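Q:
Numbering (full-length UniProt numbering), first residue to last: 1 to 259.
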């Protein structure tokens, strides 16, 4: 089944994928590092921030910490198909929210509507590598995810009425493979409602849900083992989300075979 999170209608001009990681060596290669942020700069950024509307909140989680074990392997292709293009890929070392605590790495990918996209010549030259690098990065881990609908700021810092940006924020990286080696899946024990282990052995870590774009809606697609009823069909063609994702895989494999 899928939970609709937000529309990518004409009012949404920008979509941001932002990742927070404890180690800089997890950062993708094809990003531009900008000046590190110190604790004082962090305080100023937080004070000036305009709160957005959080739309990705799990059930029974009033604190809004986010949804765990989420995969984003489909979201890049989905955004491109929805008429967005990647225009920026940056990384920054940032101070923690506590003085003296270790710094962390922030990585941000910004997508704009095709008609609004402005690329630097260097970015355009390396764009294929940047997109491929991002896709490989997304295939290596699951995340705790939060989503926000934010005001849209123009280049002069003013708010554009009736325009918005979507920010999907990833934290608590959960690797799918040992040492990023795709032949060595991470495993963990399954547990019952009491927290006790079940089964004879730990099983490979798998996504609990996926962020995808279906019928121009950002959706959180949750894996289900039971057969999906007609009432749970998701898109205008009557396909369930899992059918949509399988068809995307088939298209991707066909394109790869032709290249």
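All C-beta atoms in this analysis are idealised placements derived from N, C-alpha and C, irrespective of residue type, glycine included. These numbers come from a predicted model, not from an experiment.
Quick check: what's the CA-CA separation for residue 163 versus residue 12?
A: Position 163 of the chain shown, counted from the first residue, corresponds to residue 163. Position 12 of the chain shown, counted from the first residue, corresponds to residue 12. Looking at the two C-alpha atoms, the distance is approximately 6 Å.
Q: Can you have a look at residue 114 and say buried or exposed, based on whether 16 or more other CB atoms are within 10 angstroms of its CB?
A: Working through the chain shown from its first residue, we reach residue 114 at position 114. Counting Cβ neighbours within 10 Å, residue 114 comes out exposed, since fewer than 16 surround it.
Q: Give the range of the beta strand (DSSP E) segment to which residue 82 is assigned.
A: By 1-based counting over the chain shown, the position of residue 82 is 82. Where residue 82 is concerned, there is no enclosing beta strand (DSSP E), given that its DSSP letter is neither H nor E.
Q: Within its chain, find whatever has a CB closer than 6 Å to the CB of residue 17; leave out the 5 residues flanking it on each side and keep chain order.
A: The residue you call residue 17 lines up with position 17 of the chain shown. Only 109 and 168 meet the Cβ criterion.
Q: Please report the residue range of the beta strand (DSSP E) in which residue 29 lies.
A: If you number the chain shown from 1, residue 29 lands on position 29. Residue 29 -> no beta strand (DSSP E), and no H or E assigned at all.
Q: If you draw a straight line from the alpha carbon of residue 126 to that of residue 86, how long is it in whole angstroms?
A: Working through the chain shown from its first residue, we reach residue 126 at position 126. Working through the chain shown from its first residue, we reach residue 86 at position 86. Roughly 11 Å separates the two Cα atoms.
Q: For residue 38, write down the residues that DSSP places opposite it in a beta bridge.
A: Here residue 38 corresponds to residue number 38 of the chain shown, with the count starting at 1. According to DSSP, which records beta bridges pairwise, residue 38 is partnered with nothing at all.
Q: In this structure, how does DSSP classify residue 181 when only helix, strand and coil are distinguished?
A: Position 181 of the chain shown, counted from the start, is the residue given in the question as residue 181. Of the three classes helix, strand and coil, the one that applies to residue 181 here is coil, per DSSP.
Q: Grouping DSSP H, G and I as helix and E and B as strand, with all else coil, what is residue 59?
A: Residue numbering aside, residue 59 sits at position 59 when the chain shown is read from its first letter. Confidence at residue 59 is low in this model, with a pLDDT of 48, below 50, so its placement is unreliable and no value can be given for it.
Q: Residues in its own chain within less than 6 Å of residue 129 by CB, not counting five upstream and five downstream?
A: For the purposes of this step, residue 129 is taken as residue 129 along the chain shown, with counting starting at 1. So the qualifying residues of the chain are 30.
Q: Check whether the region 89-97 and the region 39-48 touch, using three or more Cβ-Cβ pairs below 8 Å as the test.
A: Yes, the region 89-97 is in contact with the region 39-48.
Q: Please list, in chain order, all residues of the same chain as residue 156 whose beta carbon is under 7 Å from its beta carbon, the five residues on each side excluded.
A: Here the question's residue 156 lines up with position 156 in the chain shown. Excluding positions up to five away in sequence, the list is empty.
Q: Do residue 141 and residue 174 have their beta-carbon atoms positioned less than 8 Å apart in this structure?
A: As a first step, residue 174 is located in the chain shown; it is residue number 174 there, counting from the start. As a first step, residue 141 is located in the chain shown; it is residue number 141 there, counting from the start. Going by C-beta atoms, residue 174 is nearer than 8 Å to residue 141.
Q: DSSP three-state label for residue 122, please.
A: The count along the chain shown starts at 1 and reaches residue 122 at position 122. Three-state DSSP puts residue 122 in a helix.
Q: Give me whichever residues DSSP pairs with residue 143 in a beta bridge.
A: As a working mapping, residue 143 is identified with position 143 in the chain shown. DSSP output for residue 143 lists 70 as bridge partner(s).
Q: In the DSSP output, which residue or residues are listed as bridge partners for residue 6?
A: As a first step, residue 6 must be located in the chain shown, where it is residue number 6. DSSP, once it has assigned bridges, lists 218 as partnering residue 6.
Q: Distance, Cα to Cα, residue 49 vs residue 165?
A: Taking the chain shown and counting its residues from 1, one reaches residue 49 at position 49. Taking the chain shown and counting its residues from 1, one reaches residue 165 at position 165. Roughly 14 Å between the two C-alpha positions.
Q: Can you tell me whether residue 176 is helix, strand or coil according to DSSP?
A: What you label residue 176 is simply residue 176 of the chain shown in a count that begins at 1. In this structure, residue 176 counts as coil in the three-state DSSP scheme.
Q: For residue 187, count neighbouring C-beta atoms within 10 Å of its own C-beta (all shown protein chains included) and say buried if the count is 16 or more, exposed if not.
A: One-based indexing of the chain shown puts residue 187 at position 187. Residue 187 is exposed by the Cβ-count criterion.
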